[in-house]
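Q:
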């Protein structure tokens, strides 16, 4: 599996670390992968481009 390195703001990093510990994940990487997989799954379920656009707008990714 290819590896990707991300630069994450320190405030977000700390929040992710705290949440991963509270949720019982074995590592921060496992927690972040789970979050990404869930988001990709939701976006993949969009039935058409309009629905996908609405979801992305609702999440604040596009305007």
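In the working numbering, the protein residues as written are 128 to 190. We treat Cβ as the ideally placed atom computed from N, Cα and C, and that holds for glycine. Bear in mind that the values here come from a model prediction, so they are computed numbers and not experimental data.
Can the beta-carbon of residue 143 be found closer than 9 Å to that of residue 159?
A: In contact: residue 143 and residue 159 (Cβ atoms closer than 9 Å).
Q: Would you report the Cα separation of residue 155 and residue 138, rounded to the nearest angstrom?
A: Their Cα atoms are separated by approximately 14 Å.
Q: Could you check what DSSP says for residue 190 in three-state terms: helix, strand or coil?
A: DSSP places residue 190 in coil when its eight states are reduced to three.
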